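A.B. asks:
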Amino acid sequence: MTATGTPGSSELTIPVQGMTCAACSARIQRTLERTPGVSGANVNLMTGSATVTYDPAGITPERLVEAIRETGYGAELPPADSSAEDLTGPEEAARDRERRELRLKFGVGLAAALLSMVLSMPPRPWLLLALTLPVMGWAGRQFYVRAWAALRHRSADMNTLIAVGTGAAFGYSLFVTVGGRWLAERGIQPHVYYEAVIWIITLVLLGNLLEARARSRTADAIRRLVELRPPTARVFRDGAELELPLSQVRPGDEVRVLPGEKIPTDGTVVDGASHVDEAMLTGEPAPVRKIAGDAVIGGTLNRNGALRLRVERVGADTVLSRIIRLVRQAQGSKAPIQRLADRIAAVFVPVVMAIAVLTFVVWLLVGPEPAYLHALVSAVTVLIIACPCAMGLAVPTAVMVATGRGAELGILIKGGETLERSSRLDTVVFDKTGTVTEGTPTLRRIASADELDALRLAASLERHSEHPLGEAILAAASERGLPLSEPRLFESLTGRGVTGIVDGRRVAVGNRALLAELGFAPGRFAAEADAFAAEGHTPVFVAVDGLVTAVMAIADAVKPGAREAVRALHAMGLRTVMLTGDDAVTAKAVARAVGVDQVAANLLPEDKLEQVRRLQEEGRAVAMVGDGINDAPALAQADVGLAMGTGTDVAIEAGDITLMRGDPLGIPRAIALARRSMRVMRQNLFWAFVYNVVGIPIAAGVLYPEFGIRLTPMFAAGAMAVSSVSVVMNSLRLRAAKV
Numbered sequence: 218m219t220a221t222g223t224p225g226s227s228e229l230t231i232p233v234q235g236m237t238c239a240a241c242s243a244r245i246q247r248t249l250e251r252t253p254g255v256s257g258a259n260v261n262l263m264t265g266s267a268t269v270t271y272d273p274a275g276i277t278p279e280r281l282v283e284a285i286r287e288t289g290y291g292a293e294l295p296p297a298d299s300s301a302e303d304l305t306g307p308e309e310a311a312r313d314r315e316r317r318e319l320r321l322k323f324g325v326g327l328a329a330a331l332l333s334m335v336l337s338m339p340p341r342p343w344l345l346l347a348l349t350l351p352v353m354g355w356a357g358r359q360f361y362v363r364a365w366a367a368l369r370h371r372s373a374d375m376n377t378l379i380a381v382g383t384g385a386a387f388g389y390s391l392f393v394t395v396g397g398r399w400l401a402e403r404g405i406q407p408h409v410y411y412e413a414v415i416w417i418i419t420l421v422l423l424g425n426l427l428e429a430r431a432r433s434r435t436a437d438a439i440r441r442l443v444e445l446r447p448p449t450a451r452v453f454r455d456g457a458e459l460e461l462p463l464s465q466v467r468p469g470d471e472v473r474v475l476p477g478e479k480i481p482t483d484g485t486v487v488d489g490a491s492h493v494d495e496a497m498l499t500g501e502p503a504p505v506r507k508i509a510g511d512a513v514i515g516g517t518l519n520r521n522g523a524l525r526l527r528v529e530r531v532g533a534d535t536v537l538s539r540i541i542r543l544v545r546q547a548q549g550s551k552a553p554i555q556r557l558a559d560r561i562a563a564v565f566v567p568v569v570m571a572i573a574v575l576t577f578v579v580w581l582l583v584g585p586e587p588a589y590l591h592a593l594v595s596a597v598t599v600l601i602i603a604c605p606c607a608m609g610l611a612v613p614t615a616v617m618v619a620t621g622r623g624a625e626l627g628i629l630i631k632g633g634e635t636l637e638r639s640s641r642l643d644t645v646v647f648d649k650t651g652t653v654t655e656g657t658p659t660l661r662r663i664a665s666a667d668e669l670d671a672l673r674l675a676a677s678l679e680r681h682s683e684h685p686l687g688e689a690i691l692a693a694a695s696e697r698g699l700p701l702s703e704p705r706l707f708e709s710l711t712g713r714g715v716t717g718i719v720d721g722r723r724v725a726v727g728n729r730a731l732l733a734e735l736g737f738a739p740g741r742f743a744a745e746a747d748a749f750a751a752e753g754h755t756p757v758f759v760a761v762d763g764l765v766t767a768v769m770a771i772a773d774a775v776k777p778g779a780r781e782a783v784r785a786l787h788a789m790g791l792r793t794v795m796l797t798g799d800d801a802v803t804a805k806a807v808a809r810a811v812g813v814d815q816v817a818a819n820l821l822p823e824d825k826l827e828q829v830r831r832l833q834e835e836g837r838a839v840a841m842v843g844d845g846i847n848d849a850p851a852l853a854q855a856d857v858g859l860a861m862g863t864g865t866d867v868a869i870e871a872g873d874i875t876l877m878r879g880d881p882l883g884i885p886r887a888i889a890l891a892r893r894s895m896r897v898m899r900q901n902l903f904w905a906f907v908y909n910v911v912g913i914p915i916a917a918g919v920l921y922p923e924f925g926i927r928l929t930p931m932f933a934a935g936a937m938a939v940s941s942v943s944v945v946m947n948s949l950r951l952r953a954a955k956v
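218 is the number of the first residue of the sequence shown in the numbering used here; add one for each residue after it.
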């Protein structure tokens, strides 16, 4: 699955098997970043993937896969031109294989561990040795293989700690088994630790199994999105209706969708009428009526009528596939807070190795007899309890679950960095049209000596305009059946209006700024315009041959959830600002209706950008909410850009967060989800750090002189597994978050 990044570069996401901790992913990432031809790499533990930005002229995808394998981990090149759905199936199958293998290895290890307890009473060293060898050589083999690969790359990870700890215990036990009589002759009581080796490997495997199961649960959001897509479609070919696999459907095909069936792919209704349930993509519970000419999204549910559709997009180009790809990228991203964990993980294992050596030396010098046994057990316990699994899982689990939960709510969040920035917001800036209001204005009244002539001239000029106000004028002229003329010398003046020649007359349609620019006085229509604006309507002037001949009142209804959204934002302690190119009186009327704190009107797109920049210069963390097109400069400038959309391609790509429903209530929901996610990340990191800060000294034996408390290697392995699973389970609470 490749995607072009900067000019001359490509991006490739490679599935990686076998990562178990932050040190694992960090080692793979360092290796990739040092590979010639690679400009950037992001390796994510939770998604089991490496996203690499590289120069195709300098390195091949096959070499990238080889570089990952050289670190001791599995990697496969994904099929070319794969859609997000195509990749999800094999990844799910790989996760299932991993869980089955871990379950089998844990079962064998548990049986061996229980049998070792029997053989230890009294100890039968040779039988215990025979029992330990297959557990180390098969069930725990991956720990030693990866530890060796890390050593060859002059690094260390969790596998290093396990391999050194169990290897030390096994080596000492083997020495005792072979030279037991020699030790006994010198008055040294022979003790073997085969049982501890078996239990450590078994408990670590249990932790890995529980983590694998938990990671699978965090992928539920993507799995549910993939399941929206039906496997087949009813396609009309050569005059016949055929049921074909979705992979064989092509743009331009016509398909039939019966009531109760899922719409197979993106298209346009050519015949029929129905209500379509788009809740799984937009979060909107009410079905949307669809008739000929309306667009439909693949994966949505056709409720009550038969539809005939023309296919517009298939495969990776569909809205559903783009959403899945966005969620996958978000779940594989890193939050800035993770940099702290990554920096610690990079030095953590060498520090732990040093602490283990120091522990061994101290116990050997001052410990009670037999000192060498206390030294060995304490050093092994330090190595086992210090595995940084919980630290590595703390942030990516929360990011993965939060972005998946957002997708279920119709809130598409572009990754961990967006979550972190959203959690720090203190100001929300709204564009008015399409955000606070419906974005579909209608003409309410006309003040003019000749209303129909003014409307006909204005509508003729607006034929080439794409502005919502122009569309309202055109719709009103169409309702009245007015004949329109073709304008000449048409010019659109951004943020002000349009000018041109209609039937030989020079016509201008726009706001007060346009009149001022052209040098026209509104005259007696100024009072009418003020009255319209006071009612919350937008006044639009019509000037013909230099004289203002009419003013129109165009109203854009406030969205139903706008006032509730602003109230919720205020309750969360956020300041609200509304920016608009509309008249100041109209803007203030709308602002009063929804309760916005501050309003700025008569703004051009560059003015909105400057307003956002000014707020940031005041030290505020700003979110900009717009439609993703007109407000692009301000969206890009803001700390977080929220695009209101209905599942269109532009909306999905526009902002850091896309609100699929276009519902203002999605704004406080997104911010609340981000805040809750950051709380979970901090909790996870806190407990992961506390676990190691407290656990390592206890394992080293600091409580033994005063309280006689020592940890065994088996207890350390169990505690390490529990800490990792607790972090994952804490993150999974976000799946049920009510925001």
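Glycine included, C-beta positions come from ideal geometry on N, C-alpha and C.
These numbers come from a predicted model, not from an experiment.
1. Please state the DSSP three-state secondary structure of valine 409.
2. So alanine 772 and proline 658 are in contact, right, with Cβ under 8 angstroms, and what is the actual spacing, rounded?
3. What separation, rounded to the nearest whole angstrom, lies between the Cα atoms of alanine 770 and valine 487?
4. Considering only residues of the segment 711-799, which uninterrupted alpha helix (DSSP H) runs meet the minimum length of 4 residues and lie entirely inside it, listed in chain order?
5. Please tell me whether methionine 338 and isoleucine 418 are closer than 9 angstroms, where the distance is taken between their beta carbons.
6. Serine 226 and threonine 264 look like a contact to me (Cβ under 8 angstroms); what is the Cβ gap, rounded to whole Å?
7. Between the C-alpha atoms of valine 813 and leucine 321, what's the straight-line distance to the nearest angstrom?
8. Under DSSP, the alpha helix (DSSP H) around valine 813 begins and ends at which residues?
9. On a Cα-Cα basis, can you pick out the residue from Leu796, Glu495, Ile718 that is closest to alanine 760?
10. Does DSSP put arginine 662 in a helix, a strand or coil?
11. So what's threonine 657 in DSSP terms, helix, strand or just coil?
12. Could you give the distance in angstroms between the alpha-carbon of glycine 864 and the alpha-carbon of proline 881?
13. Taking 8 angstroms as the cut-off, does the segment 530-545 touch the segment 340-349 (at least 3 CB pairs, one atom from each stretch)?
14. On a Cα-Cα basis, can you pick out the residue from Ala938, Val907, Thr755 that is closest to valine 802?
15. When the Cα of arginine 792 is compared with those of Ser894, Ala512, Leu642, which residue comes out closest?
16. Kindly identify the DSSP beta-bridge partner or partners of alanine 509.
17. Who are glycine 843's beta bridge partners in DSSP?
18. Are the beta-carbon atoms belonging to phenylalanine 707 and glycine 727 less than 9 angstroms from one another?
19. Assuming threonine 248 and alanine 284 are in contact, meaning their beta carbons sit under 8 angstroms apart, how far apart are those beta carbons, in whole angstroms?
20. Measure the C-alpha to C-alpha separation of aspartate 844 and methionine 375 and round it to an integer number of angstroms.
21. If we call anything under 9 angstroms between Cβ atoms a contact, is methionine 570 one with valine 381?
22. Going along the chain, which residues of its own chain have a beta-carbon closer than 6 angstroms to the beta-carbon of leucine 294, five neighbours each way excluded?
23. Alpha carbon to alpha carbon, how far is leucine 826 from proline 504?
24. DSSP state of histidine 492, grouped into three classes?
25. Taking the C-alpha atoms as reference points, what is the distance between valine 528 and lysine 507?
26. Going straight from the alpha carbon of alanine 429 to that of leucine 691, what length do you get?
27. Checking 9 angstroms against the spacing of the C-beta atoms, do threonine 859 and threonine 875 come in under that value?
28. Which whole runs of the alpha helix (DSSP H) in the segment 675-702 are 4 residues long or more, in chain order?
29. By how many angstroms is the C-alpha of glycine 388 removed from the C-alpha of valine 579?
30. Would you mind sorting glycine 935 into buried or exposed? The rule is 16 or more other CB atoms within 10 Å of its CB.
31. What separation, rounded to the nearest whole angstrom, lies between the Cα atoms of glycine 879 and glycine 778?
32. Can you tell me where the beta strand (DSSP E) with asparagine 259 in it begins and where it stops?
33. Quick one: what's got a C-beta closer than 7 angstroms to tyrosine 589's C-beta in the same chain, skipping five residues either side?
34. Among Ile572, Pro553, Pro585, Ala767, which residue has its Cα nearest to the Cα of valine 612?
C.D. replies: Judging by the given coordinates:
1. Valine 409 falls in the coil class under three-state DSSP.
2. With 8 angstroms as the limit, alanine 772 and proline 658 qualify as a contact, their Cβ atoms being about 6 angstroms apart.
3. Whole-angstrom Cα-Cα distance: 36 angstroms.
4. Contiguous alpha helix (DSSP H) elements confined to the segment 711-799 occur at 729-735, 742-751, 779-788, taking only those with 4 or more residues.
5. No; because the gap between Cβ atoms is not below 9 angstroms, this pair is not in contact.
6. Here serine 226 is actually not in contact with threonine 264; their C-beta atoms are around 22 angstroms apart, not less than 8 angstroms.
7. Their backbone Cα atoms lie some 60 angstroms apart in a straight line.
8. Unbroken run through valine 813: none, as it is neither H nor E.
9. Selection Leu796, Glu495, Ile718 evaluated against alanine 760 yields Ile718 as nearest (Cα-Cα).
10. The three-state secondary structure of arginine 662, taken from DSSP, is strand.
11. In the structure shown, threonine 657 sits in coil (DSSP, three-state: anything other than H, G, I, E or B).
12. With a pLDDT of only 47 at glycine 864, under 50, the local geometry of the prediction cannot be trusted, and the value read off the model is given with reservation. Cα to Cα, glycine 864 sits roughly 15 angstroms from proline 881.
13. The segment 340-349 is not in contact with the segment 530-545.
14. Checking every option, the nearest Cα to that of valine 802 belongs to Thr755.
15. Comparing alpha-carbon positions, the option among Ser894, Ala512, Leu642 lying closest to arginine 792 turns out to be Leu642.
16. Per DSSP, alanine 509 has no beta bridge partner at all.
17. DSSP, once it has assigned bridges, lists Ala860 as partnering glycine 843.
18. Taking 9 angstroms as the cut-off, the beta carbon of phenylalanine 707 is found no closer than this to the beta carbon of glycine 727.
19. About 6 angstroms separates the two Cβ atoms, so the contact holds.
20. Whole-angstrom Cα-Cα distance: 47 angstroms.
21. Note that the C-beta distance between methionine 570 and valine 381 is below 9 angstroms.
22. In the same chain as leucine 294, and ignoring 5 residues on each side of it, the C-beta atoms closer than 6 angstroms to its own belong to Pro278, Val282, in chain order.
23. Counting only the Cα atoms, proline 504 lies some 37 angstroms from leucine 826.
24. Collapsing the DSSP output to three states places histidine 492 in a strand.
25. Taking the straight line from one Cα to the other gives about 15 angstroms.
26. Cα-Cα distance, rounded: 59 angstroms.
27. Reading off the sequence shown, one finds leucine at residue 859, where the question assumed threonine. The criterion of a C-beta distance shorter than 9 angstroms is satisfied by leucine 859 and threonine 875.
28. Entirely contained in the segment 675-702, the alpha helix (DSSP H) runs reaching 4 residues are, in chain order, 685-696.
29. Using only the alpha carbons, I get a separation of about 21 angstroms.
30. If you draw a 10 Å sphere on the C-beta of glycine 935, you find 16 or more other C-beta atoms in it, and that means buried.
31. Take the alpha-carbon of glycine 879 and the one of glycine 778: they are about 10 angstroms apart.
32. For asparagine 259, the uninterrupted beta strand (DSSP E) segment begins and ends at 255-261.
33. The residues are Leu581.
34. When only C-alpha atoms are compared, the closest one is Pro553.
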